Structure formats: structure tokens, C-alpha cells
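A short worksheet on the structure shown next.
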Amino acid sequence: MDPSETPGPATAPVATTAGGEKPTKERMRISRACDYCKKKKIRCTGTQPCERCINEDEVCEYKAPYSRGRKKQKRKPLHLATPSSDASPMSPPATIELDISPQTQQEQQSLPQPPNEGVESSQLHPTDAVAVSVPAINAHAQPSGPLAPASRSSPEPEESDRQGHFVGASSSVAFLLRLQRRLRRDAGGSSETSVFTLGDAVLPEFDELGFIPPSRQEAEGLLKTYFELASPTYRFLHRPTVERWLRQLYDNGSISGSHSRSKYAVILTMFAQAVRYTGVASNSPNANTGVEYFQAAERQLSRETESATLTSVQAMLGSCFYILTRSRLNHCWSLFGTTARHILALGLHRKKAKFQGGSGSATDLVEVECRKRLFWCAYNLDKYLSAIFGRPCAFHDDDIDQDMPALVEDEFLTADSITVAGRANMNVMLGPLSHQRLGRILSSILRRLYGIKPLDLVTQYETMSELGAEVEAWRQRLPAFLDPEKVDSRLLIPLFQRQSNLLSLAMGHARILIYRPCLFNDYQQIDAAETKANIQKCVEAAMGIVEVIDRMVEANQFYAASWFAHYQAFCAVVVLYTYTIRSRAEDTSTWMRYFRAAERCQGQVVTVAGFDSLAYRFFVIMEEFRSEVVRLLQHCSAGPGASKHHSNGSRGSSGGQEPRDMPAAFLPAESSSIQWPGNETQVDQFGLLDLPNWEQLDSLIGIFQAVADTRRSAKEAWSRLSQFADLVGVGVVTREGFIKKSQEGGFDGVTAIYRTFYSVEITGPFDKDLIQVLPSTVRFICHSGAGYDQVDVDACTHRGIRVSNVPGAVNDATADTTMFLILGALRGFNQGITTLRNGEWRGSPKPPLGHDPQGKTLGILGCGGVGRNLARKAGIFGMKVIYHNRIKSADVTEAEFVDFETLLKKSDVLSICLPLNANTRHLISVAEFDKMRQGVIIVNTSRGPIINEDALVDALNTGKAWSCGLDVYENEPLVHPDLLAHPRAMLLPHLGTYTVETHLKMEERCIANMRSALEKGVLLDNVREQQNVVFP
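Going by full-length UniProt numbering, the residue at position 794 of the sequence shown is 794; the numbering climbs one at a time, nothing skipped.
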């Protein structure tokens, strides 16, 4: 047979012996399949054309080289999951090798066409080629060869984590693992670690003898926190019943009736969950994480000698919710399995089941409703665990006929009656009921889209359309106050705000699960329009989750214990980064806002990441994924269609033009090591394939925390800044870490530093010691605040570093706060507020009469921007205004200039509006109070240490000062206890500039300073000490 002819006859060519004789029997075995059957991995007749190609009208060819028994090449191929539009997550991966040499990249703007199967790697990769990982999700390439839709007849092996545990298709972990195969630089061998490992950290030993329950006051506070914060949509406990158990426990030392240990366990699990929402910040090492309460509850349940009952299952389910906040996923999976079996054994899934072993008869309405509530809460948790792990559910819809809980609040539910609340349209149970209905839809999504039975493309898209319509119909049925499109959640009370946000997260998650498979589909198929539409729905669902996270952060409701929100944020960020990879070859306007949103959301997760929380694990995974995205974006920027952003560390060329240099701007980033685009050294500090397991993560997490508050409002300004500068994140969480990283060259090349007032919590003040270790390239420090006492300006001047602040941005907000405190202190409002909140109306005896502002003399110490603004506002209230500065200002026309001693003697109200420095510390002390009028009112909204607080307390106690209004304190956040106790001390927790509008103005002005510094070499707002300094 001529080798040039197309192979494939039914009978193989006849071989001859050495003597030229033919064997007595020809080989009848078919040696190989045609290209089409081989690609489909189905049996081929071996004829040309074969029967399969005839039946399916395909061209029957035998061009693919025969490679059985071929030894593995030194350069191993890249394993890439086939981007089949109709493939399930179980479709087999195709093995291809990608050539991304500079020449190839210029010719192809996205993913290059795959070479023929079996070609030697040396043929595909010349010595000067660059081997990189590129996902096979090209929007422009034709689906040929290994990129064509895969056959459904050969299911892909399931995913597994490092411990070998099953991880199914619905899990975001499986999604990442599938994507990881597309991003591997070297597919040789198997990675010893996985993107997501599920090992549980070891709990500390429980010292039962040393366990001390909370005080009664603390316990009552924890109960309130649990029902108002910790369980917005998982309400399976009856509050009056638990309150009764708590009273019995603290009155008698035990809980009466049967199953007392189970009742105590319920209370302890409630404490364990609630404590994560109170007290010390939960990402602090001193935080009470509730683990002792959880362990004590486990001990009580283990000692329960009576039969299982509703109460014991309530305790077990509460334990499940608690351990989800502690990264104990395997523990939760195991414990919930036991809990689910108890639920089934007690018949809680059946509406007609006779409850045995309960506390009363079957007609106890509290018990009947609690059975329903508990089952449906467990049902929802079952579905989310199934989605997280990608494993089968414990509850099956065919086995369930339990009714949904009644729309009744706890206070209207008793053992023998249910009273419909008067405010049925704002019922607390509307949120849980809505979540449970969505749980039924989630169950359908998991069963129909992620089941074992594969779907063809048409059926898959039809199912997506049906399920998407169900989710939309669910949204239309939402009560108006729980739909953020109708009522802004920020207008609601905290409980309803939490319910609205969590339901929005759940809806976004459901939509992501519906449309996420399309992210791997190709645009060039017959269903291109529908594919694009589905991908857009998936991306917008992810953006919706990011917006909800923004609202939660703004409302201070994004807690370290919010495992549900952390997981949804993780799902959204993965989708947005995946879409960025998919669209990277297109114009930046296609994907930039999604990439930025993902970075912002990632940064918000790390700001609440507790030392043992899921947020830690999610952030590490997201950071690795983000680093890989950045690497691909940098690589893509060298070719046609590249964005305007270039990496200083990667000098690719396009059309012979070198990308222009960008100055490096150093700022507290929205995620730990965000460097977009930046040099490769930091981006790839952890290999995507070498992500550590759970046990190793705790020692690595510290480097990932962000320095500053990530809730930035000036998004457009940040976007503009990123167009001409590399934005480099700090990536440390301690002052020691910052200094060490700087000494090791981690910040070399940085030109300007953006800092906020809150960054002092991590780096400490920018004092001489810290400034000395900054790289020599640093020339500017831009502080986002009016007061800059945290920065040692003299040390900066000595180093040749210029410092700016944002004095004008805070004038209105600070003056408004000062006027509020002046009025409140004059009128003595604090005493009335306190007695009213204590349920005493005006109290007994009644508070003294207050004073009107009209005709009073307001003395302003330091009449700068804030002081002048305050003078204008005070004039409107009929106050006479005098002021004192070091030098009389011709610009101040709103007030009369007086010397310092006259200011002290004539002021009815003295307002401090000075910056803090060595000359102003304790400027107001004992001697100054002695010169003031009897009954003077002191107001301070600048810096606390300007006033000697001990002297102020003495003045209040002696009557020298009638009252005070303070927004700042000498040792904040610690407040002098006598100030807290004084009835006429009007106190605020440093809220002077705490408004959306002011933060926006501060950020925009600080960014303007940075831009001017980097582009022109000058600052717009030099601090006063440097205004006459000449820098080299």
C-alpha cells in the first residue's frame, strides 16, 4: 500500500516474511478507527467510508497519526477540558499543546487553533517559543479538532480534592478544577495539591472544668443578637420558648422538664453563633469565636440519655450552622448527615407524622410550627451543602410532603393559638419563607442541570431557560420590602436589611448555577446568540452579588461569620475572573469593570477574614486565580487587541512599538497583592498548581490582608489612576511585616504612597522608623484625610518625601458635626436620650433646663477651613463668633479675631478646630480651664489629645464646664470612663467625616494629588510644614 494513500481498508496490508513469503492467514483485526470515530471514541467499522460517517453524513478520513504505545515526550501536553456547549462537567478532557510564540500571538487575538493530535512537542514548540497557560475559551476560533463539542457518551471522571473526596459538578470547586486544567503551564504528572482542599483544622481541647457560661446580661444580649443578626432566614427556634429556657437556667441553675441537656445545648449553640456578631472584631486573635460554647453543646448532647427529639435536632442543626463559620466543612458534612437522619427518623419531613418523645401533645402549635421551620431550614442547608460539595442531597423531593411554616411571628405563636400579626406585609417570617421557596428551585437546578444523566445542548439550554424563568417568577413574588429593586435595603431595620441582602445573594447564586456551564461554551456554534445571552446573565448575576456585598459592607453587616455571603462572593468572583480570561483579547471596555468588581469584592472578603474562617480559604483561592488572570492579561497585552495597560516587568512588543513606562503607585489595595498590571515577581509568588492545603493556609494568610478600608466610593477616579500607573497592594497585616517587606525590596520602584487614617491599625503611624525603611524611589505620600498627625512630616522632609492631605474635602462634614454637638451640649440632649432609651421618659429627677444658642458667644480655636465654615453656620443660629489663630487672617470675615486669653475668658462655647502637633498637645488643660467662664461648653471635633481629658472631667465635675460635645478622644478608641458616665457629655465615635459624600470627596482629592505628583511632580495640597520647603 502506498503510504501517501489514505489509510483505512477493512484488511490491513499483508506483511511478508524475510524470504518474501506471505503468511498463510491475513490479519482481520481492524488496526484503527477513522478520525471522526476516534474523536467520538466510538467503535469504527474500519471501512472507508465507515458506517458511522455514512449515517451521519461526515467526511471519513484517516489523517490523524496512529499513536498507540507512543512514549511520553519530555514536554508534556496541556490538559484542557473540552469546551463543549452541550458537555456536562463530566465530559472527558482533550489533550492539546498550545504554541504561544510572539508571532503566533500577533496572528491570533485569543486562543490559537490546536494542532493535530499526536504531533511531536518539538514540532509545536520551537526553542524561542513561550509556553504559557491559556484557557480554551476563544470567542473567535472555529470549533475544530479537539475544541469541537465533545461526545456525551463518555462521561468525564469526577473531580476530587486532595483527600480524595468526591467533588461534584455543581460545586464552584469543581468549576475551578475544570478551569485549572485550562490554565496549567505543565500538565505532566498529577498535582499533589488541589485548588480547594477540605481538611478541617484541629479544634482546641475543651476544658470542661474551666468553662464559664456568660453572665445573665451577656446571655440575654447574645439571645437578642442571635434572633436579630445571626439567623435572618434560618429561623427554626421559637424565641419565647428559648427565652423561657434561658430564664429557668439563670434563675434555677437548670432547665426544667425533659430533655434538659438538649435544651441547654440549644442555648449554647445559639451563644456560639451570636458571639461571632458581637464584641471584639472577629478577625482579632482575642476574639471570642464561640468554640467553647459549641464544644460545651456537644458535651451536653453526648450526655443526653433520653430519646432523640425535636429539641436535640435543633441543637444539632444549630451546631451545623456554627461550624460552617469555622471552615469545618467535613465536620459540617458529617454532622449534617447525622442531623438529617434524625430528621427523617422523627418524620419531620412528613406533615402527618406522629411526633414521639416531644414535650407535649401533637397539637402543641409551637411544636408543630417548629417542626416545619426546622425541616425547611435543614432542607435549604442540605441544598447549599450539596451545591458547595457537588454531592447528592440528603432530602429528596419525592419523599417530602411537609407543609411550609405559617406566616406568623414568634410573639403571636403559642401552644394553643396562632394570631395573625397586624403587620402581615412586614412579617419577619416572610424572609425565611421566601428563602425556602428559592431552596426548592435550587433543588431543581441541582437535579436537572447537574445530575448524572447528561443533557444534549438543546435540552440543556431549554432547561436553563425554564429554570431562569422560575427564578424570575420567584423574584416577582418577593415582598416589596425584600426586593432591593423596589425598596433600598439601607432604609430597612437591620433584620429586614439582612434578609433582603441574603435573599439577593441567594438569587444571584441560583442564576450563576443555571448559566455558569455556558462560560465554557464557544460563540462560534449554531447557538452563538443564546450562548452569549446566557453568559451575560451569568456575569450580571455575579455583578449583582458584588453589589449586594458592597451594600453589606456599607451597612457594616458583612461579618466574619457570614459564611453564606463569603461563599456567594467567592462564586461571583470566580465567574467574573473567568469572564475576564474569556474576553481578554477584546477591548478593555468589555471586561475591565467586571475585573475591577471582582478585585473589589475579593478585597472586601479579606477585610473580614477571621483567623479560622471560610473567608481565609476563599481569599487564598481567589488571589491565586486573580494572579493567573493578571498573568494572562499581561501576556495578552503584548499582542494585537491589547489594552492600554502594560506591565513594567514584561516588555512585549506590538507592531514594533515599546509600551510606555508607567510610574508605580503604591496604595492600600482592594485585595491583598493586587498589582494590575504589575511586575511578575509578586503576581506569581504562589503557583496556581501548588496551592497549599487547609493545614498550611493558616501560616500563609497574614500576607494577604489589605491595609486600608476597601469601601472606596471614587471608583471612576481609581479607574483613571490605573490608566497611567501600576497599583501595587501592600499584602501585609502588621507593622513588622510592612517593615520587613520594605527592607527585602518588596516595594522597590514605588513612587507614591496612598494612605488612609485607618491604615494605622496595621502599619502603625508613619513615623521616623517606618519612613527610614521606605525605598529611595518614594517621593510622595498622599494622605486621605485632613489631619495628618499620623505622618512624621519632619522625617519625610529629611528623606525628600513630600506629603499631602485633603483639608478642603472635610470642611462641611466636620462643621456640621461640630454644630450638632454644640446644639446637643447646649440643650443637654444626651441626658434625655439616655433616659428615654432606658424607658424612663425624662427620668427622675428631670434633667436641668438647657440653653439656646441665640446670643451666646462661640469661640473658635483655629479658624481654618473648618472654623470658617462653622462660623457661617453658627451665625445662622444667632451666635456671636470670635476666633483665635497664631496670626490674624485677613480672609476671615465671619468672626472677630481675639488673643488666646480673651478667647478663653469670653467664650460661652469653645470649639477646638486645630491640627494636632507638638505645640497643640494638651493646649487645653487645667490652667486654661481656670481662665474660662463658669458653665462653659467645650466641643472638640479635631484631635482628642489637644484637650487634657482629666482636666476636662474635673471641669465637668466641678461645674466649671456645664457640658461637652466630643467626636475625638485622647486615647481613642478608648474613652475616659468618667466621660461615658457623665449625663451631659454628648459623645460621638469619631463620625465627623463619616459620610458617603465626604469620603468620596476625600478619595477623589487624594487621587488628584497622586495624579498630579506622578504626572507633574508636584502636589496640589502640600501640608503646612512643607509649603516653603524646596525639594531637589
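Glycine included, C-beta positions come from ideal geometry on N, C-alpha and C.
All values derive from a computational prediction rather than experimental measurement.
Please confirm whether residue i and residue j have their CB atoms less than 8 Å apart.
| i | j | result |
| --- | --- | --- |
| residue 269 | residue 322 | yes |
| residue 397 | residue 351 | no |
| residue 946 | residue 921 | yes |
| residue 400 | residue 349 | yes |
| residue 910 | residue 936 | yes |
| residue 780 | residue 1013 | yes |
| residue 219 | residue 246 | yes |
| residue 763 | residue 735 | yes |
| residue 926 | residue 944 | no |
| residue 250 | residue 299 | no |
| residue 873 | residue 815 | yes |
| residue 273 | residue 253 | no |
| residue 335 | residue 312 | no |
| residue 599 | residue 626 | yes |
| residue 853 | residue 878 | yes |
Can you check DSSP and say which residues form a bridge with residue i?
| i | result |
| --- | --- |
| residue 861 | 884, 912 |
| residue 382 | According to DSSP, residue 382 bridges with nothing at all. |
| residue 418 | 413 |
| residue 584 | Note: residue 584 sits in no beta bridge, so no partner. |
| residue 936 | 961 |
| residue 272 | Residue 272 pairs with nothing; no bridge assigned. |
| residue 755 | 783 |
By Cβ distance below 7 Å, which residues in the same chain neighbour residue i in space, the five residues on each side in sequence not counted?
| i | result |
| --- | --- |
| residue 806 | 784, 785, 786, 1002, 1005, 1006, 1021 |
| residue 850 | 826, 827, 828 |
| residue 499 | 232, 233, 431, 482 |
| residue 793 | 803, 1023, 1025, 1026 |
| residue 410 | 238, 239, 240 |
| residue 1019 | 780, 802, 804, 1009, 1012, 1013 |
| residue 50 | 34, 37, 44, 60 |
| residue 225 | 274, 277, 278 |
Here's a check: name, in chain order, each residue in its chain whose Cβ is nearer than 6 Å to the Cβ of residue i, leaving out the five neighbours to either side.
| i | result |
| --- | --- |
| residue 248 | 255, 256 |
| residue 961 | 936, 938, 955 |
| residue 408 | 418 |
| residue 979 | 985 |
| residue 755 | 783 |
| residue 70 | Bear in mind that the predicted position of residue 70 carries a pLDDT of just 43, short of 50, making it unreliable; the figure below should be weighed with that in mind. So no residue of the chain qualifies. |
| residue 9 | Reliability of the predicted coordinates at residue 9 is poor, the pLDDT of 36 falling under 50, and the value obtained from them is presented with this limitation in mind. The answer is none, since no qualifying residue turns up. |
| residue 981 | none |
| residue 227 | 239 |
| residue 740 | none |
| residue 765 | 790 |
Sorted by chain position, which residues of the same chain lie with C-beta nearer than 8 Å to residue i's C-beta, five sequence neighbours on each side aside?
| i | result |
| --- | --- |
| residue 821 | 939, 941, 965, 966, 967, 986, 988 |
| residue 340 | 378, 382, 394, 395 |
| residue 358 | Its pLDDT being 44, under 50, residue 358 is placed unreliably by the model, and the measurement read from it follows with that caveat. 309, 310, 364, 367, listed in sequence order. |
Looking at the C-beta of residue i, does it have a partner C-beta in chain D at a distance below 8 Å?
| i | result |
| --- | --- |
| residue 739 | The structure shown contains no chain D; it is built from a single protein chain. |
Checklist line | Cβ pair count under 8 Å reaching 3, the stretch 409-417 against the stretch 364-371 | finding: yes
> Could you give the uninterrupted runs of the alpha helix (DSSP H) lying entirely in the stretch 778-863, keeping only those of 4 residues or more?
Replying inline: 793-799, 811-827, 829-837
Q | Cβ contact (3+ pairs, closer than 8 Å) linking the stretch 255-263 and the stretch 435-448 | A | no
- Task: Please determine if the stretch 478-490 and the stretch 545-563 are in contact, where contact requires at least 3 C-beta pairs separated by less than 8 Å.
- Result: yes
Worksheet item: Quick one: complete beta strand (DSSP E) runs, 3+ long, within the stretch 939-990?
Response: 961-966, 985-987
Count the CB pairs spanning the stretch 532-541 and the stretch 203-219 that are closer than 8 Å, and state whether there are at least three.
No, the stretch 532-541 is not in contact with the stretch 203-219.
- Say whether the stretch 983-995 touches the stretch 966-973, bearing in mind that this needs 3 or more beta-carbon pairs closer than 8 Å, one atom from each stretch. Proximity of the stretch 983-995 to the stretch 966-973 meets the contact definition, three or more beta-carbon pairs being nearer than 8 Å.
Any chance the stretch 579-593 sits against the stretch 615-622, with 3 or more Cβ pairs inside 8 Å?
no
Query raised in the report: How about the stretch 851-867 and the stretch 882-893: do they share at least three Cβ pairs that are nearer than 8 Å?
Result: yes
Query raised in the report: Contact between the stretch 888-895 and the stretch 835-844: three or more CB pairs below 8 Å?
Result: Judged by Cβ distances under 8 Å, the stretch 888-895 makes no contact with the stretch 835-844, as fewer than three pairs qualify.
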